[in-house]
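Chemist: Quick note, in full-length UniProt numbering, the sequence shown goes up one by one and the last residue is 253.
Built from N, CA and C at the ideal position, the CB exists for glycine as well.
Values in this document were obtained by computation on a predicted structure and should not be read as measured data.
Sharing a structure with you now.
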Amino acid sequence: MSNGGTMNLTYLEVDHQRSIYTGMPEELRASFMERLKLSWLYHDHALEGVVLTPEELSRALGRMPCRTYCESVTQHGLRALDTAIDFLHQSAERGDELSIDWLRELHKMLAMPGDEAGGRYRKRDTSPGVYHLNVAPASSISYHFHKFMDVYDEELCHLHPIRQAALAHWEFMRVFPFDERTGVVGRLMLNFLLLKHRFPPAIIHSSERHNYFAALNGHRNDLVPVTIDAIRATLHAASGFRRQAASSHQIAL
1 MSNGGTMNLT YLEVDHQRSI YTGMPEELRA SFMERLKLSW LYHDHALEGV VLTPEELSRA
61 LGRMPCRTYC ESVTQHGLRA LDTAIDFLHQ SAERGDELSI DWLRELHKML AMPGDEAGGR
121 YRKRDTSPGV YHLNVAPASS ISYHFHKFMD VYDEELCHLH PIRQAALAHW EFMRVFPFDE
181 RTGVVGRLML NFLLLKHRFP PAIIHSSERH NYFAALNGHR NDLVPVTIDA IRATLHAASG
241 FRRQAASSHQ IAL
């Protein structure tokens, strides 16, 4: 079977397996998503090189007082991402469309209070932080950002949702429009596109960090299997959560 045929079969398998996720009672799925969000917060920070402790997660989400400046930065990052994840679900439910303005607003949402860089384009010619990508020159980000949207509107939005989301993320990261948090915005965008089509979020685990960065530095198709593996991990977690809930219900009876 060709690679294309194999990938189409994989899409069909995931399409079938996601019935576990979409078929969960609304109340049970809401409980699962709250638990999944903790994993999302942890692993997304880990991809950015920040390894969190359970206490740090708990203090941030519990809005405990900050003891140091570094802790205040970490807590803001966690709370902002927590808010952004809720926004994704609401935006997908409304049927909002992907746009440059939507992405810039998402970046503003993640920025520190008073940070003038929120929603503004990158000023450096290199991809900062943990990313080492060949990115658009800072002087032509607006052009390349609009070109990215053209590629999305003319090509990517017509693909299978998994492939659409993965390739859009890869193309977005080649623009790398913002100085900081571009990767976070890119992964949120990926999951927004999945949620719009009623797919579970693809949370790329810290154990897949090497494969994820290798895919970003490789061909855009390389990001598709990474995305599929992340979706499967979510589906596996949903299946386990549903079994656990059913078992607890039987014991209660």
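According to the Cβ coordinates, are L28 and Y42 closer than 8 Å?
Modeler: Translated into the one-based positions of the sequence shown, residue 28 becomes position 28. Translated into the one-based positions of the sequence shown, residue 42 becomes position 42. No, they are not a contact pair.
Chemist: Helix, strand or coil for R174? Go by DSSP, reduced to three states.
Modeler: On the sequence shown, position 174 is the one that residue 174 refers to. Note: R174 maps to helix in three-state DSSP.
Chemist: Just to confirm my understanding: we take L88, look at its own chain, exclude 5 residues before and 5 after, and list those with CB closer than 7 Å. What are they?
Modeler: Position 88 of the sequence shown, counted from the start, is the residue given in the question as residue 88. L188, N191, F192 and L195.
Chemist: Assess contact between the region 92-108 and the region 50-65, defined as three or more Cβ pairs (one per stretch) separated by less than 8 Å. Is contact present?
Modeler: Result no; under three Cβ-Cβ pairs closer than 8 Å.
Chemist: Put D96 into one of helix, strand or coil per three-state DSSP.
Modeler: The residue given as residue 96 occupies position 96 in the sequence shown. DSSP places D96 in coil when its eight states are reduced to three.
Chemist: Cutting at 8 Å between CB atoms, please list the residues of its own chain near H219, excluding the five before and the five after it.
Modeler: If you number the sequence shown from 1, residue 219 lands on position 219. Here the set comprises nothing.
Chemist: Check each candidate in D15, T182, F32 and R104 and name the one with the smallest Cα separation from E48.
Modeler: To locate residue 48, count along the sequence shown from 1; it is residue 48. Closest option to E48, Cα to Cα, is T182.
Chemist: Below 8 Å on the Cβ atoms is my guess for T227 versus A165; work out the distance and round it to an integer in Å.
Modeler: Counted from its first residue, the sequence shown places residue 227 at position 227. Counted from its first residue, the sequence shown places residue 165 at position 165. Between A165 and T227 the Cβ distance is about 6 Å, and since that is below 8 Å, they are a contact.
Chemist: Quick check on the burial criterion: 16 or more other C-beta atoms within 10 angstroms. Buried or exposed for H16?
Modeler: Start at 1 with the first residue of the sequence shown, and residue 16 comes out as number 16. With fewer than 16 other Cβ atoms within 10 Å, it is exposed.
Chemist: By the DSSP assignment, the alpha helix (DSSP H) with T28 in it spans what residues?
Modeler: The residue labelled residue 28 in the question sits at position 28 within the sequence shown. Sequence check: residue 28 is Leu here, not Thr. That run of the alpha helix (DSSP H) goes E26 to L47.
Chemist: Out of curiosity, what's the CA-to-CA distance linking H160 and Q244?
Modeler: Here residue 160 corresponds to residue number 160 of the sequence shown, with the count starting at 1. Here residue 244 corresponds to residue number 244 of the sequence shown, with the count starting at 1. Taking the straight line from one Cα to the other gives about 32 Å.
Chemist: Contact defined as beta carbons within less than 8 Å: I believe T22 pairs with R198. What is the distance between those atoms, to the nearest angstrom?
Modeler: Numbered from 1 along the sequence shown, position 22 holds the residue referred to as residue 22. Numbered from 1 along the sequence shown, position 198 holds the residue referred to as residue 198. Confirmed, Cβ separation roughly 6 Å.
Chemist: Do P201 and residue 254 have their beta-carbon atoms positioned less than 8 Å apart in this structure?
Modeler: Coverage of the chain is limited to positions 1 through 253, which leaves residue 254 absent and any answer about it impossible.
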